[in-house]
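Going line by line, the protein sequences match chains U, C, L and Y. So in this note's numbering, spot 150 of the first sequence is number 157, and the numbers just go up one at a time. So in this note's numbering, spot 35 of the second sequence is number 42, and the numbers just go up one at a time. So in this note's numbering, spot 124 of the third sequence is number 131, and the numbers just go up one at a time. So in this note's numbering, spot 207 of the fourth sequence is number 214, and the numbers just go up one at a time. First comes the structure, then the notes that go with it.
Number of protein chains: 4
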Amino acid sequence: MDNVDRRHFLLAATAVGVSATPGVVATAAQPSAGHAFLYQHEPVPLPFKAGAVKGLSEKLIQSHWENNYVGSVKALNIVRSRLQQALTDANTPAYVYNGLKREQLLRTSSVVLHELYFANLGGDGLADASVRSRIAASFGSFDAWESEFRKIAQGLGGGSGWVVLGYNTQLNVLENYWMADHATGPVGTTPVLVLDMYEHSYQMDYGAAVAKYIDAFFTGIRWETAAQRLALTRQG
Amino acid sequence: MDNVDRRHFLLAATAVGVSATPGVVATAAQPSAGHAFLYQHEPVPLPFKAGAVKGLSEKLIQSHWENNYVGSVKALNIVRSRLQQALTDANTPAYVYNGLKREQLLRTSSVVLHELYFANLGGDGLADASVRSRIAASFGSFDAWESEFRKIAQGLGGGSGWVVLGYNTQLNVLENYWMADHATGPVGTTPVLVLDMYEHSYQMDYGAAVAKYIDAFFTGIRWETAAQRLALTRQG
Amino acid sequence: MDNVDRRHFLLAATAVGVSATPGVVATAAQPSAGHAFLYQHEPVPLPFKAGAVKGLSEKLIQSHWENNYVGSVKALNIVRSRLQQALTDANTPAYVYNGLKREQLLRTSSVVLHELYFANLGGDGLADASVRSRIAASFGSFDAWESEFRKIAQGLGGGSGWVVLGYNTQLNVLENYWMADHATGPVGTTPVLVLDMYEHSYQMDYGAAVAKYIDAFFTGIRWETAAQRLALTRQG
Amino acid sequence: MDNVDRRHFLLAATAVGVSATPGVVATAAQPSAGHAFLYQHEPVPLPFKAGAVKGLSEKLIQSHWENNYVGSVKALNIVRSRLQQALTDANTPAYVYNGLKREQLLRTSSVVLHELYFANLGGDGLADASVRSRIAASFGSFDAWESEFRKIAQGLGGGSGWVVLGYNTQLNVLENYWMADHATGPVGTTPVLVLDMYEHSYQMDYGAAVAKYIDAFFTGIRWETAAQRLALTRQG
């Protein structure tokens with residue numbers, strides 16, 4: 008807690024609905040909304056054992072969670088503290104402030120995307136009939152969806168980025184999105200299935216063999232999670 | 008339906024399960040979801056008379072809607088057709104396909120953001136008490152929110168980008184986001200108030216005087232729209 | 008000189024080969040290289056009268072130079088001072104430091120590109136035979152070059168970016184480059200002809216009529232400048 | 008040669024100064040310039056044995072060269088062929104054309120940067136006195152340079168990007184640049200020392216331990232190459 012002062016911690020702890028007193032469980036059924044400037048994010052644990060994902064090693068999953076995801080949480084919290092300082096400093100030019108806002112955007116979406124990714128991993132890769140038919144209704148067939156999703160992923164090999172199946176609430180379309188890095192992303196879209204294509208997601212296990220990683224991901228999708236997200240979007 | 012040929016309409020109509028026979032009304036009370044590959048977007052008219060926005064000229068608003076927004080709708084529709092062709096062409100490398108997916112992302116978010124922007128413009132600039140208190144709850148005070156929102160906007164002067172007040176559904180925080188261009192954006196976030204900072208939003212009226220444009224925007228915000236969007240997000 | 012302390016000034020003055028004593032002219036025939044951390048850039052005046060460019064108004068040119076170019080020079084100098092402070096502060100995380108390095112890159116290339124742009128503007132638009140033949144040798148014909156250069160420019164309409172005819176010294180090819188913003192750019196390439204496609208380059212005169220601006224640019228190219236730059240590159 | 012027709016090969020072969028007839032050595036002392044549209048790039052072999060770099064495994068270096076560098080060469084050549092087709096197709100909208108130009112920029116700089124990177128690798132990590140003094144003249148001390156270079160690299164860990172020590176010919180400054188991906192880069196700058204920070208440069212050997220990779224890079228810099236590049240730039 009080096010970079011966060013006690014006051015921040017108390018406020019943040021209240022914001023996320025947990026008690027600041029160790030051992031005392033928060034009573035709130037759902038966390039209340041956080042403070043735009045004071046919010047500090049707590050890392051979400053892996054929703055499965057690091058060694059339990061088919062096709063991806065325990066070492067890779069553990070490093071991915073610990074170094075890349077938790078690393079982004081820590082960076083996000085520090086950037087937020089820096090923003091708060093900068094906001095009260097009249098000497099900070101707007102474009103310098105925005106340099107921090109850019110890092111905030113990048114880290115926020117890194118945190119969000121990683122949490123969505125891990126939550127839709129660790130399953131048996133089998134989509135049930137209702138998910139399959141909902142996807143088929145939008146893409147013509149489930150295979151047509153999978154084919155495009157895999158193609159986007161393949162094209163991101165060797166660099167950074169994400170593939171997102173999402174529901175665009177302004178266009179009312181369930182479609183696949185290409186993202187170049189954490190900071191890219193479709194506005195007003197509910198993510199349904201998220202695939203991390205940064206090289207730290209696969210290099211340790213597969214080197215440059217991107218296609219093998221994509222296969223592994225499909226084998227280990229936790230479709231129940233995607234189904235829950237999909238259920239929150241408008242039906243076709 | 009100028010930009011959509013009959014075949015596309017029939018396919019799309021079939022795809023979304025409504026009747027393609029003229030005169031037969033679909034029973035769904037709300038528009039059904041579009042087809043991921045066949046969908047073609049129809050431009051949404053300005054929700055006000057082009058000359059009715061305080062502080063922004065009719066000529067500017069009309070050009071912004073016609074050239075930049077409708078231009079993006081047309082481009083999006085053409086890019087979608089190209090993607091459909093490319094998907095069935097086995098010779099298209101994945102990275103060439105992704106070049107089109109990038110343009111799709113850029114144009115989709117341009118369309119979405121412009122529709123959100125015009126819809127939160129053309130008002131009297133006065134936020135009612137409930138909106139003010141909801142924003143104050145997150146930012147400490149309404150003024151603290153406005154101060155950061157304006158600072159981000161100022162820093163984007165002379166380039167491209169957007170400022171978005173949005174509710175991040177993963178972090179449960181209502182906060183301001185900096186965006187470098189249409190393709191940037193926070194994932195899993197519900198947009199509440201959207202400000203276009205591309206130079207075509209103000210150069211014609213204000214030249215490089217960015218601060219005057221930001222003033223004009225605040226004078227003409229249609230807060231009723233922002234309030235409706237905010238009402239759909241979780242309370243703090 | 009608000010943001011630069013006296014010591015900096017003296018060092019910077021020495022670095023650019025001028026005397027720090029008012030009235031004493033530096034004897035160096037060419038400015039010596041600047042200091043990586045202490046360097047502060049001086050704005051270069053327009054190489055022509057603001058009203059002397061065919062097809063672009065005095066008001067537009069003056070605003071472009073004063074607000075966008077000089078604005079970037081000022082921002083660059085401030086960002087450089089901030090970097091120097093950050094470098095000596097052990098508490099600055101590397102990714103926060105890089106936020107400033109990103110702004111430095113953006114502003115540096117904005118400054119460089121604007122200086123190159125103004126320097127290849129204000130002419131009669133007529134390329135002499137040697138330039139034409141050198142370009143034709145690379146592109147098949149001078150018209151083929153112009154056609155691609157114009158197409159890239161057209162595609163950048165409504166957003167930000169640059170078109171650069173440049174000589175890639177690693178590939179030994181004279182070719183046209185698309186650039187999304189100041190921070191994009193081909194590595195190891197000598198710029199020969201530079202066209203600013205940010206909307207502040209034309210909106211004031213032409214609104215969204217991009218093609219008219221491109222015509223105006225071609226009418227006012229100072230080809231002598233491009234020829235001098237080309238002469239420094241390897242012959243085909 | 009699947010994607011390049013015979014005519015292209017002959018032109019390209021001429022362009023790079025080699026004979027199209029196997030076994031016949033080209034007489035040209037230096038390759039002549041290539042054709043902007045017809046040029047096809049030939050991969051440059053590693054300038055050292057893949058297993059000869061201190062601190063980086065043969066497997067990693069071989070995969071980096073073969074999959075990432077040669078992969079980019081192949082992609083660049085295909086994108087160039089696509090551009091040529093698109094240029095003659097009047098139905099190609101300018102923004103679709105630019106999607107290919109963006110990929111061309113990305114792949115061109117990937118090729119250029121990788122060639123520069125491998126060429127400044129495989130040495131003993133010892134800079135001679137003249138290089139050290141030239142760098143010290145710009146950065147205050149050689150250590151100050153190394154410290155900033157390492158900091159930028161550290162901040163790029165977990166994502167993509169490059170660090171470049173380069174001489175900016177417009178500003179006359181030798182300085183370090185941060186680059187977010189292949190397509191970023193300082194305009195009008197001569198690269199002197201180039202460090203690849205894409206995760207494929209180190210994950211296979213070091214996982215997420217970025218600092219160890221940076222150490223390994225410094226141990227294996229071939230300073231003779233950097234010195235030669237530096238010698239071509241203006242003296243301070």
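We put the beta carbon where it would ideally sit given N, CA and C, even for glycine.
Neighbour flag for residue i against chain U, beta carbons, 7 Å
i	result
residue 207/Y	yes
residue 219/C	no
residue 185/C	yes
residue 102/L	yes
residue 210/Y	yes
residue 244/Y	Limits of chain Y in this structure are 8 at one end and 243 at the other, which puts residue 244/Y out of reach.
residue 34/C	In this prediction, residue 34/C scores a pLDDT of 35, lower than 50, which makes its location untrustworthy; the coordinate-derived value is nonetheless stated afterwards. Answer no: the Cβ-Cβ gap between residue 34/C and chain U never drops below 7 Å.
residue 190/L	no
residue 198/C	yes
residue 145/C	yes
Residue interval of the beta strand (DSSP E) (run including residue i)
i	result
residue 175/U	169-175
Presumed contact (8 Å Cβ cut-off) between residue i and residue j, rounded CB distance
i	j	result
residue 178/Y	residue 46/L	7 Å
residue 86/Y	residue 122/Y	With a Cβ gap of about 18 Å, residue 86/Y and residue 122/Y do not count as contacting.
residue 172/C	residue 156/C	6 Å
residue 166/L	residue 188/C	7 Å
residue 145/Y	residue 59/L	In fact, because the Cβ distance is near 38 Å, the residues do not count as touching under 8 Å.
residue 112/U	residue 193/C	6 Å
residue 52/L	residue 76/L	Wrong, their Cβ atoms sit about 10 Å apart, outside the cutoff.
residue 115/L	residue 175/Y	7 Å
residue 106/U	residue 163/L	With 8 Å as the limit, residue 106/U and residue 163/L do not qualify as a contact, their Cβ atoms being about 24 Å apart.
residue 79/L	residue 117/L	4 Å
residue 128/U	residue 227/U	6 Å
residue 62/L	residue 223/L	3 Å
Boundaries (first-last residue) of the alpha helix (DSSP H) holding residue i
i	result
residue 115/U	101-126
residue 87/L	77-94
residue 226/C	217-226
residue 51/L	It is not in any alpha helix (DSSP H) - residue 51/L carries neither H nor E in the DSSP assignment.
residue 44/U	Premise fails: residue 44/U is in no alpha helix (DSSP H) and is neither H nor E.
residue 145/U	136-146
residue 66/C	65-70
residue 240/C	Segment: none, residue 240/C is in no alpha helix (DSSP H) and carries neither H nor E.
CB contact below 7 Å: residue i versus chain C
i	result
residue 109/U	yes
residue 97/Y	no
residue 40/U	yes
residue 180/U	yes
is_contact[residue i, chain Y] using C-beta, thresh 7 Å
i	result
residue 28/C	For residue 28/C, the predicted model reports a pLDDT of 32, less than 50, meaning its position is unreliable and no value from the coordinates is stated.
residue 215/U	yes
residue 85/L	no
residue 82/C	yes
Any C-beta of chain L under 7 Å from that of residue i
i	result
residue 105/Y	yes
residue 76/U	no
residue 174/U	no
residue 166/C	yes
residue 70/C	yes
residue 37/C	With a pLDDT of 42 at residue 37/C, under the threshold of 50, the modelled position of that residue is not reliable, and the figure given next carries that caveat. Taking Cβ atoms only, chain L never reaches closer than 7 Å to residue 37/C, which makes this a no.
Quiz item: Which runs of the beta strand (DSSP E) spanning at least 3 residues fall entirely within the segment 151-213 of chain C, listed in chain order?
Solution: Counting only runs of 3+ residues, the beta strand (DSSP E) found wholly inside the segment 151-213 of chain C occupies 169-175, 180-186 and 196-203, in chain order.
Self-check item: the segment 208-221 of chain Y in contact with the segment 180-200 of chain Y per 3-pair CB rule at 8 Å
Solution: no
Exercise. Would you check if there are 3 or more beta carbon pairs closer than 8 Å linking the segment 205-212 of chain U to the segment 63-76 of chain U?
Key: A contact exists between the segment 205-212 of chain U and the segment 63-76 of chain U.
Quiz item: Would you call the segment 75-86 of chain C and the segment 96-107 of chain Y in contact, with 3 or more CB pairs under 8 Å?
Solution: The segment 75-86 of chain C, when compared against the segment 96-107 of chain Y, does touch it at the 8 Å Cβ threshold.
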